[in-house]
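Numbering (the working numbering), first residue to last: 28 to 168.
Note that the Cβ used here is the ideal one computed from N, Cα and C, for glycine as well.
Note that the coordinates shown come from a computational prediction; the quantities given were computed from them, not determined experimentally.
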Amino acid sequence: MEGKQRRIEEVEGRMNTLKMQVAEMENAFGRSETRVDETSQRLQMEREETARLQFQIDSMTTERDKLQQELDEIFQAKTNLQKQNKYLEKKYLSAVCERDEAATDCSKLNSELKEAEKRLHDFEADALSWASKYQVWQILL
């Protein structure tokens with residue numbers, strides 16, 4: 028009986044030890060569950076933050092693409108304006124040259140007109156002089 032009693036005490040001791048180990052494991056399991064819940068919440072928050080940041084990245088990428096397209100259009104418009112400006116400058120220079128040539132031609136024509144008017148005046152004076160000489164000759168004859 029004494030052996031059985033010892034055996035019972037040993038078994039009870041092991042059972043108590045096992046109960047304590049089970050209690051410790053349950054406590055550890057509870058702490059692990061709490062950490063899992065906390066980690067799960069943090070993970071969910073991180074996922075939400077990641078989704079928010081990804082949305083921001085997508086929005087910024089879309090905005091950047093729009094701005095790049097606008098910038099490309101502005102550069103194209105600038106290039107077109109520069110081409111137009113060069114064309115207009117050439118046209119302006121051509122018009123200035125034509126104007127200068129026309130002014131030179133007008134000056135020459137004015138000089139020729141004045142000279143022609145002077146010669147006409149001289150011819151008229153000569154004609155009057157010859158007419159009066161002719162009249163004098165007719166009177167004398």
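Original post:
Just the Cα atoms here: how many angstroms apart are PHE56 and MET87?
Top reply: 45 Å
**OP:** Excluding the 5 residues preceding and the 5 following ASN172 in the sequence, name in chain order all residues of the same chain whose CB lies nearer than 6 Å to its CB.
**Re:** Limits of the chain in this structure are 28 at one end and 168 at the other, which puts residue 172 out of reach.
Original post:
Which value, in whole angstroms, describes the spacing of the CA atoms of THR66 and ARG91?
Top reply: 36 Å
Original post:
Distance, Cα to Cα, GLN165 vs SER156?
Top reply: 14 Å
Original post:
By how many angstroms is the C-alpha of LEU147 removed from the C-alpha of GLN162?
Top reply: 22 Å
Original post:
Is MET28 helix, strand or coil by DSSP?
Top reply: coil
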